[in-house]
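Colleague: There's a structure below that I have some questions on.
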Amino acid sequence: MEISFSKAGKWLAAAGAFALLTSLGCVDVAIAQTASQPAAGASQANGQAAQPQKNYKDRAEYDLYSKITQTQDPKARLDLLNQWQDKYPQSDFADDRLKYFINTLAQLAPNDPPSRQQLIQKCQDMLKKDPKYFLANYYIALWGPAVGGAAPPPDLLTQVDSAAHAVLDGVEDTFSASKKPATVSDTQWGTLKNQAMALAHNALAWEAASKKDTAAAENEYKASLTANPDQGTVSAAYGKLLIDDKKYPEGLFEYARAAQYGGPGPAVAPDARAKLLDYFNKAYKDFHGSADGGDQILAQAKTSALPPADLNITGAADVANAEAAKLNDRMNSDPAFKLWYTIKTNLTGDQGDSFFNSSVKDAEIPGGAEGVKTFSGTVISIDPPDHPTKVVLGIEDPAKPDATLEFSQPLPTEALDKIKVGQKVDFSGVADSYTKDPYMLTFKDPTIPGVQTTAPPRRGRRKK
């Protein structure tokens, strides 16, 4: 079954915009360490012993560096860093300056798209010096997809791939217990680790999707949500990928998740979530054939980022096939129902009136046709309750009326011992009228085995 889910994608952010974190706890640690390193050079400026491997070119470089360390506004700090780079390109503190560039551009990147490309370049410069520098790999994995968008250049794909794998390779060491800051709890440290892992998998999913490797992208999204379930935007992107791959049950589940997740992690905007929920409800009904079961999917998705292993949303075609098989089995095992269903099929068809007038009206039904002497149905209503003249039955479905038994005289009180709501009743009689939609076949003064009625003598012709 072909179903269009394209509209849902319009409410999502670009596939690569996975700004899940604007900083890691380890950022502050790394910068604090960086800021402490130039102290040796500062001592030299005061005439004290200094580390010989690092020296300021002159007092002006020291003053510029000091101003950078005291500047809180990242835009102003970036301007100072550029001045330092221009005036002292060969500084002994080039590595420290590069770390400050990375940190400063990372602060600007969430709200200043042009700074993202600069950040990636500075991170690449750092990785030439130290390929395992975690923050450089982290920021490339974070912002590379946003910079690359839907048509990234091959070199950026390579950079993101390398950075994402480096994050995954280095995450255990970076977030080891021995490196946890005293101000960060064990739970927070573990959460940061999982967020970093999820980020790397998101970057790899973007890379795979860019290369049209749908299977790999799906695996990476799943790994991301396993590491960090609190990512509504990722659930939305994953859901779209699954739907595009015609994996409708899993895709619908992810849309249900994205439509309901509001935080604390990255979530689809509230107005877009409302549209996603409307879209889920419509798409679920289109796929399944009805809204039945949709509430259960929403309830599961509200508390889980990934569908259960036994997720089962049956497509409408499969539902129809199953219902048809069930109907055939019933007709094969129940000749009376087979005859009833055959009559209904003819009456509800295009030639229903003609069939009724020629074969059903005033005929005694079933009248022994196909060896069937009575029909059987479940009592749905009795009117009036004490001395009924009308009994409504459900033959095909015990809860859906499709046969009415009308009596010229009220049924005797003792008949109510056998004719009760919810109870099965056998009958035969003369067909009097019918309606096509909703389907109803009415019998006049029918016979109910074991029940004494005041029916007039039977005058109907037998059904052949």
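This note's numbering puts the first residue of the sequence shown at -9, with every later residue one more than the last. Cβ atoms here follow ideal geometry from the backbone N, Cα and C, with glycine treated the same way. Nothing here was measured: the structure is a model prediction, and the numbers come from that model.
(1) Near Pro254, what residues of its chain come up, given a Cβ to Cβ distance below 8 Å and the 5 sequence neighbours on each side ignored?
(2) Hey, quick one: how far does the alpha helix (DSSP H) through Leu189 stretch, first residue to last?
(3) On the premise that Gly222 lies in contact with Ala248, defined as a C-beta separation below 8 Å, what is that separation, rounded to the nearest angstrom?
(4) On the three-state DSSP scale, how would you describe Val258?
(5) So which of Ala84, Asp63, Lys65 has the shortest CA-CA distance to Tyr52?
(6) Quick check: what's the CA-CA separation for Leu182 versus Asp86?
(7) Just to confirm, are Ala205 and Leu231 a CB contact at a threshold of 8 Å?
(8) How about Ala359: is its Cβ closer than 7 Å to a heavy atom in the ligand GTP?
(9) Helix, strand or coil, according to DSSP, for Lys0 in the structure here?
(10) Could you check whether Leu242 and Tyr274 sit closer than 8 Å to each other, using their CB atoms as the reference points?
(11) If you reduce the DSSP assignment to three classes, tell me which class Ile58 lands in.
(12) Whole angstroms are fine: how far does the CA of Gly180 sit from the CA of Phe165?
(13) Among the candidates Phe345, Ser418, Pro400, Thr304, whose CA atom is the shortest distance from the CA of Thr425?
(14) Rounding to the nearest angstrom, what Cα-Cα distance links Thr177 and Lys77 in this structure?
(15) Which of helix, strand or coil does DSSP assign to Phe417?
(16) Taking the alpha carbon of Ser371 as the reference point, which residue from Leu395, Pro436, Asp69, Asn311 has its own alpha carbon closest?
(17) From the DSSP output, in three-state form, read off Lys275 for me.
(18) Would you mind sorting Pro378 into buried or exposed? The rule is 16 or more other CB atoms within 10 Å of its CB.
(19) Between Asp203, Ala217, Val174, Lys169, which lies nearest to His191 when the distance is taken from Cα to Cα?
(20) With a 10 Å radius around its C-beta and 16 neighbouring C-beta atoms as the bar for buried, classify Leu14 as buried or exposed.
(21) Starting from Gly367, trace the beta strand (DSSP E) both ways and give me its first and last residue.
(22) For Asn322 and Tyr331, what's the separation of their Cα atoms in angstroms?
(23) Counting C-beta neighbours from all protein chains within 10 Å, is the total for Ala167 16 or more, i.e. buried, or is it exposed?
(24) Run the CB neighbour count on Ala257, radius 10 Å, all protein chains shown included, and call it buried at 16 or more, exposed below.
(25) Just to confirm my understanding: we take Leu455, look at its own chain, exclude 5 residues before and 5 after, and list those with CB closer than 8 Å. What are they?
Modeller: Quick look at the numbers:
(1) Stepping through the sequence shown from its first residue, residue 254 is reached at position 264. Hits under 8 Å: Asp220.
(2) Here the question's residue 189 lines up with position 199 in the sequence shown. First-last of the alpha helix (DSSP H) with Leu189: 176 to 200.
(3) On the sequence shown, residue 248 is found 258 positions in, with the first residue counted as 1. On the sequence shown, residue 222 is found 232 positions in, with the first residue counted as 1. Between Gly222 and Ala248 the Cβ distance is about 5 Å, and since that is below 8 Å, they are a contact.
(4) Position 268 of the sequence shown, counted from the first residue, corresponds to residue 258. DSSP places Val258 in coil when its eight states are reduced to three.
(5) Residue mapping note: residue 52 aligns to position 62 of the sequence shown, counting from 1. Looking only at Ala84, Asp63, Lys65, the smallest Cα-Cα distance to Tyr52 is reached by Ala84.
(6) Counting from 1 along the sequence shown, the entry for residue 182 is found at position 192. Counting from 1 along the sequence shown, the entry for residue 86 is found at position 96. Straight-line spacing of the CA atoms in Leu182 and Asp86 works out to 25 Å.
(7) Numbered from its first residue, the sequence shown carries residue 205 at position 215. Numbered from its first residue, the sequence shown carries residue 231 at position 241. A distance of 8 Å or more separates the beta carbons of Ala205 and Leu231.
(8) Although the ligand GTP was asked about, the structure shown includes no ligands whatsoever.
(9) As a working mapping, residue 0 is identified with position 10 in the sequence shown. Caution applies to Lys0, whose pLDDT of 36 falls short of 50 and renders its modelled position unreliable; the model cannot decide the point.
(10) By 1-based counting over the sequence shown, the position of residue 274 is 284. By 1-based counting over the sequence shown, the position of residue 242 is 252. With contacts defined by Cβ atoms closer than 8 Å, Tyr274 and Leu242 form a contacting pair.
(11) Taking the sequence shown and counting its residues from 1, one reaches residue 58 at position 68. Three-state DSSP puts Ile58 in a helix.
(12) Position 175 of the sequence shown, counted from the first residue, corresponds to residue 165. Position 190 of the sequence shown, counted from the first residue, corresponds to residue 180. It is roughly 8 Å from the alpha-carbon of Phe165 to the alpha-carbon of Gly180.
(13) Locating residue 425 in the sequence shown gives position 435, where the first residue counts as 1. When the alpha-carbon of Thr425 is set against those of Phe345, Ser418, Pro400, Thr304, the nearest one is in Phe345.
(14) Sequence index remark: in the sequence shown, residue 177 carries index 187 (1-based). Sequence index remark: in the sequence shown, residue 77 carries index 87 (1-based). Going by the C-alpha atoms only, they are around 45 Å apart.
(15) Locating residue 417 in the sequence shown gives position 427, counting from the first residue. Strand.
(16) Within the sequence shown, numbered from 1, the residue matching residue 371 stands at position 381. Ranking the options by Cα distance to Ser371, first place goes to Leu395.
(17) Within the sequence shown, numbered from 1, the residue matching residue 275 stands at position 285. The three-state secondary structure of Lys275, taken from DSSP, is helix.
(18) Residue 378 sits at position 388 when you count from the first residue of the sequence shown. Around the beta carbon of Pro378, a 10 Å sphere encloses 16 or more other beta carbons of the protein chains shown; the residue is thus reported as buried.
(19) Along the sequence shown, one-based indexing puts residue 191 at 201. Minimum Cα distance to His191 is reached at Ala217.
(20) For the purposes of this step, residue 14 is taken as the residue at position 24 of the sequence shown. Annotation note: pLDDT 44 at Leu14 (below 50); position unreliable, no value reported.
(21) Here residue 367 corresponds to residue number 377 of the sequence shown, with the count starting at 1. Element bounds for Gly367: 365 to 373.
(22) The residue you call residue 322 lines up with position 332 of the sequence shown. The residue you call residue 331 lines up with position 341 of the sequence shown. About 12 Å.
(23) Start at 1 with the first residue of the sequence shown, and residue 167 comes out as number 177. Residue burial annotation: Ala167 is exposed, with fewer than 16 other C-beta atoms found within 10 angstroms of its C-beta.
(24) Reading the sequence shown from its first residue, position 267 is the one you call residue 257. With 16 or more other Cβ atoms inside 10 Å of its own Cβ, Ala257 counts as buried.
(25) With the chain covering only -9 through 454, there is no way to say anything about residue 455.
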